[in-house]
Every structure is written in structure tokens, then in C-alpha cells.
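Number of protein chains: 2
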Amino acid sequence: MSTAESRGEAQKKFKWIGTRPVRPDGVDKVTGRATYGADFSLPGMLWGKVLRSPHAHARIVGIDTSKARDLVGVHAVITADDLPEITPEEAKSGEGPTNFRDLSRNVLARGKVLYHQHAVAAVAATTTAIAQQALDLIEVEYEVLQPVLDGDFAQSPDAPILHDDLFTRGVKPQPEKPSNIASKIEMGTGDAEKGLAKADFVVERELRTAAVHQGYIEPHAVLASIGSDGKATVWCSSQGHFMIRAYCAKLLGMDASHIRVIPAEIGGGFGGKTTVYLEPLAIALSKQSGRPVKMVMSREEVFRATGPTSATHMFVRMGCTKDGKLTGAHARLEYEAGAFPGSPVGAGSMTLFAPYEIDGAQVEGYDIVVNKCKVAAYRAPGAPMAAYAVETVIDELAAKVGMDPLEFRLENASAEGTQSAFGPKFKSIGNVETLEAARDHPHYKAPLGKNQGRGVASGFWFNGGMQSTATVNIADDGSVGVVSGSPDIGGSRASLAIMAAEEFGIDIELIDPQIADTNMIGYNDLTGGSRVTFATGMAVIEASRQVIQQLRERAAKIWGIEADDVEWSDGQARATNGQSDLEPLGLRDIARKAARTGGPINGQASLTARGVGMAFGVHICDVEVDEETGKVDVIRYTTVQDAGRAIHPSYVEGQMQGGAVQGIGWALNEEYIYDSDGKMENAGFLDYRVPVASDLPMIDTVIVEVPNPNHPYGVRGVGEVPIVPPLAAVANAIHDATGLRMTELPISPPRMLAALQSKKS
Amino acid sequence: MSTAESRGEAQKKFKWIGTRPVRPDGVDKVTGRATYGADFSLPGMLWGKVLRSPHAHARIVGIDTSKARDLVGVHAVITADDLPEITPEEAKSGEGPTNFRDLSRNVLARGKVLYHQHAVAAVAATTTAIAQQALDLIEVEYEVLQPVLDGDFAQSPDAPILHDDLFTRGVKPQPEKPSNIASKIEMGTGDAEKGLAKADFVVERELRTAAVHQGYIEPHAVLASIGSDGKATVWCSSQGHFMIRAYCAKLLGMDASHIRVIPAEIGGGFGGKTTVYLEPLAIALSKQSGRPVKMVMSREEVFRATGPTSATHMFVRMGCTKDGKLTGAHARLEYEAGAFPGSPVGAGSMTLFAPYEIDGAQVEGYDIVVNKCKVAAYRAPGAPMAAYAVETVIDELAAKVGMDPLEFRLENASAEGTQSAFGPKFKSIGNVETLEAARDHPHYKAPLGKNQGRGVASGFWFNGGMQSTATVNIADDGSVGVVSGSPDIGGSRASLAIMAAEEFGIDIELIDPQIADTNMIGYNDLTGGSRVTFATGMAVIEASRQVIQQLRERAAKIWGIEADDVEWSDGQARATNGQSDLEPLGLRDIARKAARTGGPINGQASLTARGVGMAFGVHICDVEVDEETGKVDVIRYTTVQDAGRAIHPSYVEGQMQGGAVQGIGWALNEEYIYDSDGKMENAGFLDYRVPVASDLPMIDTVIVEVPNPNHPYGVRGVGEVPIVPPLAAVANAIHDATGLRMTELPISPPRMLAALQSKKS
């Protein structure tokens, strides 16, 4: 099923769903009118800067800020002492997983610095130069400690302990000695060992992946202004301004209602903007100085002091019968969390076996603290590395059995009713359909040249629901305002507008999608988990339907008939009581008379979205390996993915392409390179090598549409699935080209070359 | 009933209504953090300026803008040719009274200039200096015409006709010759002449008032930015950002949905900011230049080119029996509209006899165009002048009968059931209660000294309802966001917050009142007619009640009981099913669990408010007249007014004081002084004399509370009533002090002195 075909089918039923209107935010973004995080300024504004640790692990013996405070032009200097200390009891708040005690210490180190460039103090001054000078005048006395720079060492008995109060959770009885293993999780279905014992073939692999950064183009930036009434306004780009509000309130001991967060456009987030770094500091500096404070990270700070995703060390064993039926699987995942607990090992554990039906599958996951910056979410957090491990082993098993790797996957594919290893039985999913579409794609049969190889891999992501609020407001001229509180990081303005246009049956040009700040709309969870088109979309649809009901009632009032005798179709209210003399009334006609028929016409819906559509993708990757240099070129790439329903196919394709590209970068080039003291050596885009357009072929996309039965239009999330398969797809292609099973990422030219050379010798 | 007493009674019933919490916008306003119309800037912004006519009446023969266009730094030049011409058929739009053909020609003259400083062209340039230079380079050829500078001359057969296509409306048959009398209106109850014939005493007076300006401190200012996608954002202060959107859309031929208007704080409006001047020009200049354009009026421009209220010429005859019963009344009101039709003579005609029960009362009103700037609304538009006329005559009648003027008014006071002269029978009104409170006030019996006198006068205003939308959003920490689309010009943030706090039974500090821009909330009519606390208040109350219902349902869900078994009281959900072990749940408790009980908790209400509470005020004024200079000092002043219910008494008192002061200025000093060519000679606050603090005593206030039965808390509008009585109260006090009946305003020192001297001689 090609994209065009699936869309052809959709267009039979829909007027707007599945079409590609011009994006509502497009002109502003290409002409520079859109305002990003660093584009806000206020009169009297100060510039804030952060003093960062030169050590990866050290005790803070003392901080003397007096010289900095005395510098002319300096208006505020803060350290951890200026933030409320959060007790272990207060660390957890609300329903979310965030540990605010850790977050507070990540934002400003308290007692110890835990990674190179960990924030120690912050200043606000009239110019950036004075702020920098002030940082230089702050005297910090450190007692330098040995750094723990990888997860293996972290677990050794010789390793220094990062947190004296950290005892491994998930182990019974709970250990009495503190540990760098923050937690152990276990999950599974059936008995892995029994299953493996039944296998004719067992493949066991140990694999590693490096820490990689989301690589968003826009650095973190914030402008904060707090009045003497204690009411703050914060302008910043993030994946959730309600999250920024809640986190700042918690870290600063303020009421959330006293913080208004105004969302900027976001220049990329990919999960990395789901937490706070500068925002609480800017508010605290504004409070101390009585003036607005602006802070903008340098690229170096983004790399060194914000969260990449985990480096990992993984052990996978899987077995199958000689006719290719998986019998058992076991994985041990060790994910580095950085300086504080909280790697995405949980999601890695939950997703890795999801594409398969395996009676006995078990995972144990370890969350390990090390002296590196605290990891943050990164697109399908935790899943790509785990998929790399499993899909590598699947590739080997298929080869052992002598089956085509896609046929092997189809043979074992999870489907509706399959008991997953992470808990639920799958409901309607499009795993099989996606695998079939990949198998039937011309790419999969295309010939390969010398030094070329082809790899495939599957990927899975749950997708999120969570809370959304939307309002739909009819303007006095009948145009339709669609307001949500979800930052648009991947085209949600367009997808929400399309769904509203479909509901109303009117031209999409009449729909104006907007993102409201925290004080202007009801609560919204952050934009993440590929949830917005699904969940906020449901709220928009519900609010639209409320409005349409009102439009019917208003038309009935104008006509003097019953609302039951009015239907709404094709953008107009029509009388259905046989009174053919009643000319249909459009939105404009009804809106004009709103004052006399009951007032403004608006709808509002708030919900916790249920019934997320879990989704699968399959990628086909062709590579050519340069035997001389070890450079791997991706020469053809096809992504196949179940979108449920593609509301705006161009955006879905963009997500598929973007995810694939990030995954290819992860597979081939991206990595945090540290020196022996724990200092990142490649903290810039010249040395931290993300793929650019000239590195890649056009990424081909095939949208499969197995509608999610729980969404009015069948939407599944699409943003995260496509970063899951590439790591393995690339590695499997390299194996196909070279016969080499690469078990450590990135497969950068030196590593590839070394493998090629050791194969030769 | 004193304020304290009435509040004491209120406090027995209410927790927040009638209290005086700190205003939510206070700190921002006193510390300079609040942003007014001129406080917005954008990168690349141009400065716009307006070329204005040097003539009060002239035909535009030609405009040559070429030299201005060629000036380096000039990016846009517009004349009326750059705006769509609005046909007579398109002049009226929607349900409102605005004539968009006239408005378009007021914003930029087309064919003719009709008043001195009428806008002729506009430019946008990189600096204000270049913009000014560009104005000087625009060559306009005028054919100068004789100006029509007062309503009397306008009606004479010799007068030039301003508009060839203006034929008097309201006269049958419609005249065939164009006229400067735009319309005639007639209304009344019973037969005035028959009533007057029954009178023992008849007083007839001819009176005049001068044009006066609202005198808002903040000049008109706007920043507009339109993208190449035709979507404009406009920042400006106004009394209604939805009005700005609608008017700009109409004048520029745009869709309203393509204009987002972001409201600034407003530094005074008083009705004068209920229309557009600069806003459409700034959008048009931004469109032509492709850059943001900022425009700020000078004080001179505000006086000469925005709307003051009408100068008037009035004839009133009223009669009563010898025991003081009014028998008949007749008034002829001639109001100058300025250059285009639309004086507030209608409201003047409707309000002037409202305080009285008169069997035969008739009014005829004339709307007359003259070569002066087009009038705009000014606080109780049209009513103060008409009340000046009637209350002067009432004062004389009381004297003729030998009755105390307040007793005379009480004898004739309108009350529930009285047939008004403007149409409806009065419902519940507080006219009698207000008169009694004035009569019983110590001020009314206080002794007077030499050259001192005391006057009283009544005033009436309908108050407005119109359309409002409000949303109430519960934040994740349980604080309450109250969002409306009504600009706060007189404390509505505070009054809406108080009503919400009362509904929820929580601390007002937990309520965050906000004003949303046009794209963030449903439609709202403008802030005017003293409607916001009444109408938007009703929407806030309705939305709050929706939320409380949800809170009960959520608490029930948490407890696993029925919502009917949960009541909301004193800020908490309480189980009423006898399960005393269920600890009451507060907002924070319920909000924390919102995700699991159904999602965010919000309410939204939209309505056309019905059941406005009409309101009356009585003012007592003591003056001392300096016989040497003619200077009149107000030495004591008490305002008594039925507020229905004072939500935040300090604001109500502020409205009463502010209205009284503006009325005193109108009575004693303020006036537009024109030279013989129609050029205003006193276009600055040094020469146009508004009362300042040192001119006045503390204005005493007595709030009477006769609740409006149609509002949940009994609210009547309070903003406009207090400007209605002062003109007459001051004049009556002067009569009491001097025996002189002053029938022309302002009673400035020269005029008073002349009267004193002619009395002596």
C-alpha cells in the first residue's frame, strides 16, 4: 500500500483529512516573523549567565560571590542557597515521575558537582560581558573527586559513589549500602529460559551505544520578569509551557498561578525540551534584581549541560526453532542516567520485544548514575538502542534459519491479541501490515552493487495520551479559532486545523489555529509521546462538535424551528423538516446573528485521552561501505510506518524522514566523546557530527493506515516510531555489505575501518 | 444608608463580594511593568505618521505623494486610494450602528476634508524625523470651502452642505435636498403639551454646552505587523480588541480571522477608545512596506483628530402643579456630531426625563454635522448635557413651588412600574433609595458660608449587557485562572476575580484574572456601557459554576460515590452521604488527580447578557464663587449612587469620584475653543483645563445597594451614572450662591465674571 493509494482511499471519505494544505505557521517561520526563545526583550532587561563546574566530580567546599556582587553592573548573583532546598519527602510531587530534589540540584549544584559544566552559580548583569566578568570573579573551592565516567565502572566495587543517599530500588531486600545503580526493573511474559531451551538456534550479543544529543538547532533561551507582587512572566521555547510553570513553581517554592509562561516557537526539541535548565534561574535572578533577566545558552552549554540520551550497554539472547519461530528472549539493559537517576531504560525494556510474539520474553533494566550530564528524553526515549540490540539479533537468527529477514519478522509478528512482554495484550495494531508493505516495496527487491548491503529493522512506540484542553471560538465573521495549549513541534497547528475543518466542513483557510499561554487556556500536558494530534486533536474534535450542536440550535432559533430539524453538513445548517424555502445558513450567517440568539458561539473540551494507538515502523536501508576509509554511505532508505490515519501526510512523512535521519546519525557518527576527566571533547556541531542533507539520499516514505479505532479519525502518533529502527537497519545493512556484525555505535569511519582491517587480517 | 452600613450587610452574606482586596493589576501598573499601547516594539519596525488637513472644510483636488515616496528611509505612503472604497450599501455591517463608509472617510479623507487635522495621508519611515519630512513632501491641492462651525449655522439655509448625499433621516417625507441635519428622533410618553397646560408653573430654558474631550492620559498608539500571508497582528490599547479586529477587517477588506489584536493596558478610554483611528493605517502601511509599523498620536492629534463629545444646544420646558407634581415636559436637543453623523443625541433623549414620573413627556433630538472632528462616545454618551438642561429646570421648578429640591425630586421620582419616556416601564430601580440617601446625608444639612451655595442633581444611565465569553481554568496546583476578553478599564479584573472567589469559596489570591487576545478566547463586545462586571461577570459566574459541578463529580469519582452526594462549600468538596470518614477535598487535592479522573477541569460560558440593572445617582455640590475673578471652587461634593451591589467598593467609589470630577471639569472649565477657521486653539492640557487634584475637595461617596434581581450578585453598572449629574449640580450650586442661572457651559471664570457683573449693573 503506497502513500498515494492510502490517501486515495481517505479522500473518498474525507474533505480535508489526508490533504496537504499550506502550513498555518509557514510564512511566519520562513520570513523570520516567528518569535523563538531568544527573540524576546524587555526594557531594563539584564543578561544572565551561568558559572559551571570545571570538574566532573567534586565536593563544593565553599563559594565566595562577594567580588562578583561588588562588580558594577552586576544586579544579582545566585547559588543553590538561593533556591529552597527540597527534602527527600518533597522530591516527588503530583502524579509525574520527576524527582524535584534531583532537578533542583541539576539546575544549581548543591554540595557536590556531578558533571563537567554542572551549574554552580548564576549572575545577572547589564551586559553579557559584565556577566561573564562576574562569573570569573566567583571563587569556588572544590575538593576534586574521581569521576565515574561509564556505567561499567559505576557498578564496580571500586567506583566512587555519586549519591550517598541513593540505594538501588527494585531489588529486594533493598541494599543497605548506597550504589550507583539507581534502580533495577524487571518485566516479561512467560519464561525466557524455558523458551530459549526449546530453541534450535540461539544468538547472544553484547552491544553498546554512545550518548547522543537531540541536536535541536535552537539553544535553550528564556526571558523572565517577576514583579514585586511575586507574579512572574516567563517567555521561552519548550515542549510544554505548563511543564515549565509547574517545574519552576516547585523549584522556587511559588504558586503555579503566579507564573505565566508564554510559549515561543520552538526550534526543535525532540524530547530535550521537556525539563527546565535556565528558567528557574532566570526567575530567581529577576526576583533578586527586580529587573527582567534574559539567558541564552551557547551551543557548548547545550551539549555539556543539557540532557542527551543514555549511553548503553546491552546483552540480548534470543532463540528460535529451525523453521523460524521465536521461542524465547532475554535482555539485560544497562542505561547511563547521567548525574541523577532517570534513564529511559524503562521504555527501552518495554518496547524492545514488542514487534514479536514470544512466549517467554524477559528483560532486566538497570538505571545507572555516572558523572555526565543528566540524560533527558530523546524521541522514543530508550527505544532505539534496545531495538538496535534486538533487531541485530533477529537479523542473525533469520540468517541462521535461512529466512528472509522480513519474512522472519512476519512469521513472528505481534498482532491484535498478542500478549506483549510489557504487560497489555495488543489491541488493533498495524505491525503485520507495515511489514507486508515493506516486503512488497520495490526497494526491497532492488539490486545492490559492490560493497553495498541492505538491512531492515522494526521499531515500536506506545504513543501517548495524557491531558489536553482545546477551545473552539467562532469569530463575529464566522471564522473559527482553534486554541490549544500544546506547543507545535511537528505540525500540530496544521493537523488540528485540518480536523476542525473536517468537522465543520469548511475551507481550512477559515480556521485559525493558535497556541495559548498558561494563563489563557486550561491545563495541557507537554508535547511529547507523539500525543498532540491524537489527544489534543480529540479535544479539538469534541469542542468542534459542541460548537456544531450550538450552530444547529442557533439556526433553528433563526428559523423558528426545532434544533432536531436542523442538520449540519458541508459547512452549513440545513433544515430537514421539509421546509425547502429555508436557505441553508453558513457559519458567517449564524455568527452575525449570535448576539440575538444567545451570545458568542464557542466550545471547550478537556480530557485525558484514552485509547492511544500503538504503532510500528519498518525501515529498509541500503549502505555502501568504503573499504579504504571505513566511511559508510546510506545510499537508499525507505521508511514504512503505520500512522493510523495521516491527517496531513506531508508532516507525517516529515516525521518519518526526520526520525530516520536522526537514527542514521546515531548509527554512524553521533557520539559524546569524553576525555579522561569527563570533559566532552566535541561540544560543537563541527565535531559532533549530525547528518546533513548532502550526507543522505532522499528518505522515501510509505504511510500505512491501520486506523486507531479509539480516535475519531484513526490517528496514531507518528513522531517517535521512525527513530526506533534506523540504528539496527543501518548496522544490519553494514553486515549485509561486509559480513561484519557491528555491535557498538556509532559505526564511525575509524571503528568501521578497524573492523574491516581486523576481518582482513 | 451609608457605604459602611451597606457593606456591613453584604458581609453577613458574602465572603468576598463587597471587600477590598489589593487589585491584581496594581503592582504592574505602579511599577511600570504593565505595557500600554506605545510600549510594544518589533525588530525592523517603522514609524508611521499622519498628514492632516490644514483646513476645516475643503475639497481635495489632488495629492502628489511622489516626492515623499522617493525620500530615502520612506517605506510606505498611503492615501484613501489605498483603502477599499466602501459603498453606501456596504456601509452598515452586522448588527451594530457603525457606518463603515463614514468611518473609512474619517480614518483617511476621501475627496473632501471635513475638519481641521482630518487625516489625508500616512507614511511609514525608518525614523520619526524622516516620517515627518515625508509628510512635508506630500503635496495636497485643496479647494478651500467655508467651514460650518456650529450646529445653529449648520441648520441655516446659507450653510454649506458637508455631505451631498446626506438627507435627514427620521423626517417624513424624507427631504429631497441634502442637509446638515443627519437625523431627527422623537420619543416620549403621553402628551407633553396637554401636561404642560395643566401646570401651575412652567419653566422654559435654552442651554448650551461646549464640546469636551474624554481626556484619557494615554494617546492612541498602535503597532501592527502583517506577513506576506496576509495575517496581521496588532498591539494597541482600546476598549475592545474584538472591535478593533472587526473594524480593521471591514475598513481594509480583510477577514477578521486574519487579524489578531493583542490588547495593551489602557491608560483611560471613557468611551473615546471605542473606535479606530490609527489601527487600519498601521496595518495598511505594514502591508505596503512589509515591515512592522508603529504609530503614536501626539496630544495635539488626540485633541484635534479624535472624538470629543458633542457641543449641544438645548431647549427644555417643564411644568408642575403648585404642590410640586410634574405634569409635562418637552425638550429639543441639538447635538453636534462633528464631520459625520452619529452624535449621542439618542441617549441624551432617552435618559433626560428618566428620574421622573411624568405623564406627558416628549423629546425631539437632532443630529447635526459640522466641520469639527467626529464625536466619539464619552462616558454615559449624551446624557450629562441633557441632564444639565432638565436638572436646571427641575431646580427652578422646585424653587417656584417652594420645595426642597430633593423633596421635589422624591415627589416625582420614577420607581418600579413607572412608564419611562424612552419606552419600557421601569423594573426594580433604586432612584428613590438614592434620593433618600442624599437627603439624609449630613452634607445636605451642613451650613454654608458667604458666596457659597449648594446644588443637587439626579442622573440616570441604562447600563449595557451585550456579549461576553469567559473561561475558568483550574491549574494543576488548583489555582483558578479566570480569562475574559474584556479590556479592564475600571477594575474588572478585580471584580471578576472577586465573583469567582465567592463562587469557589477560596482565597482571592488563588484567582488569576487575565484578558485574552482576540485569537485566544471567544467573542466579546467592547468594554463600554458599564457592562463588564455585569455581563462578563455573569459569564465568569456561569463558567465557575460549571467548574464547581465538575469538581463535585471528580470528588465523587475519587471517593467512589455519587456526585449528588457531594456538595461544594467553603472551597471544598464534602461528602453528604453520611460518610464522615471522607476528608473534604480542596481544589488542589482534586486538581492533582485530574489526569486520572477525566482530564483538566475547565469551564466556559458565552452569553448575551439580559436583565441589565438601570441605575441612578444623586450628587450634592457646594461651591464658593469668587466675586472678584468669577472663579468657582467646588468646596464639598458628595456622590450617592445605586450600584446594585458593589463587588469591590473601592472601584465603585473610584468610578463615582472619577465621573464626578470629569463632570465638574465639563461644568466649569473644559471646552474646545475654535478660531474662525475651525482650528482648535487649546489643543493641550495646559490650555484645555481638566480638574487636577488641587482643584477639588475629596469627593465623598455613598453606595446605595438596591440589587439588580437579574444578576446573581445584584450588579448594576457603575461607571457612567456618576458623570451625569455634575453639570447640573454645579450650575444649581452656583445659582444657590449667586442667584444666577447659568445656561451655558463651561461656567469658566470669564463667563461667570461677566454674569456677576451684568447682575450688578
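So the protein lines, in turn, are chains A and B. Taking this note's numbering, the leading residue of the first sequence gets 105, the next gets one more, and so forth. Taking this note's numbering, the leading residue of the second sequence gets 105, the next gets one more, and so forth. Yeah, the Cβ is synthetic: ideal placement off N, Cα and C, and Gly gets one too.
Take the alpha-carbon of C340 (chain A) and the one of P412 (chain A): they are about 20 Å apart. For R137 (chain A), the closest Cβ of chain B is nearer than 8 Å. In the assembly as shown, Q861 (chain A) is an exposed residue. Its beta-carbon has fewer than 16 other beta-carbons within 10 Å. Contact note: S329 (chain A) reaches chain B through R137, using a C-beta cutoff of 8 Å and chain order.
In the three-state reduction of the DSSP assignment, S754 (chain A) falls in the helix class, which pools H, G and I. For Q745 (chain B), the enclosing beta strand (DSSP E) begins and ends at 736-746. Counting other Cβ atoms within 10 Å of its Cβ, S599 (chain A) reaches 16 or more and is therefore classed as buried. Following the DSSP letters along the chain, one finds C352 (chain B) inside the alpha helix (DSSP H) bounded by residues 345-356.
About 29 Å separates the CB atoms of K153 (chain B) and Q250 (chain B); that is not less than 8 Å, and the two are not in contact.
A direct Cα-Cα distance of roughly 8 Å separates M760 (chain A) from V825 (chain A).
T183 (chain A) and G148 (chain A) have their C-alpha atoms some 23 Å from each other. The Cβ atoms of C352 (chain A) and I330 (chain A) do not sit closer than 8 Å to each other.
Not one beta carbon of chain A lies nearer than 8 Å to the beta carbon of N567 (chain B). Within the segment 201-223 of chain A, no residue has a Cβ lying closer than 9 Å to any Cβ of chain B. Going by beta carbons, G821 (chain A) and W565 (chain A) fall inside the 8 Å limit.
According to the DSSP assignment, Y548 (chain A) belongs to the alpha helix (DSSP H) that extends over 546-549.
Segment contact: the segment 625-637 of chain B against the segment 702-711 of chain A, three or more CB-CB distances shorter than 8 Å; contact assigned. Residue burial annotation: G788 (chain A) is exposed, with fewer than 16 other C-beta atoms found within 10 angstroms of its C-beta. Annotation: V338 (chain B) to T496 (chain B) spans about 46 Å, alpha carbon to alpha carbon. Look at the beta carbons and you see the segment 175-195 of chain A touching the segment 206-215 of chain A: at least three pairs across the two are nearer than 8 Å. The Cβ of Q343 (chain B) sits no closer than 8 Å to any Cβ of chain A. Rounded to whole angstroms, the gap between the alpha carbons of D544 (chain B) and G758 (chain B) is 22 Å.
Contact between the segment 389-400 of chain A and the segment 637-652 of chain A is not established, with fewer than three Cβ pairs separated by less than 8 Å. By the Cβ neighbour-count rule, V176 (chain B) is exposed, with fewer than 16 other Cβ atoms within 10 Å of its own. Apart from the 5 residues on each side of it in sequence, M401 (chain A) sits with its Cβ closer than 6 Å to the Cβ of P323, H324 in its chain, given in chain order. V587 (chain B) belongs to the set of residues whose beta carbon lies under 8 Å from a beta carbon in chain A. Considering only A:A443, A:Q650, A:G717, A:L686, the residue with the shortest C-alpha distance to V252 (chain A) is A:A443. Taking C-alpha positions only, G376 (chain A) is separated from Y482 (chain A) by approximately 6 Å. Sequence-distant partners of G609 (chain B) (beyond 5 residues in either direction) whose C-beta falls short of 7 Å from its own C-beta, in its chain, are K119, S673, D674, G675. Apart from sequence neighbours up to five positions away, the residues of its chain that approach G299 (chain B) with a beta-carbon distance below 6 Å are T431, G432, D463, G464, ordered along the chain. Spatial neighbours of R403 (chain A) in its own chain (CB-CB distance under 8 Å, excluding positions within 5 residues in sequence) are listed in chain order as P323, A787, G788, F789. For I705 (chain B), at least one C-beta of chain A is nearer than 8 Å to its own C-beta. Inter-residue distance for E369 (chain B) and T622 (chain B) is about 15 Å (C-alpha atoms, whole angstroms). Listed in chain order, the beta strand (DSSP E) elements of length 3 or more contained wholly in the segment 231-275 of chain A are 243-248. Sequence-distant partners of Y817 (chain A) (beyond 5 residues in either direction) whose C-beta falls short of 7 Å from its own C-beta, in its chain, are I121, M603, R749, I751. Excluding five sequence positions before and after T313 (chain B), the CB atoms of its chain that fall closer than 6 Å to its own CB belong to T416, M489, L849, given in chain order.
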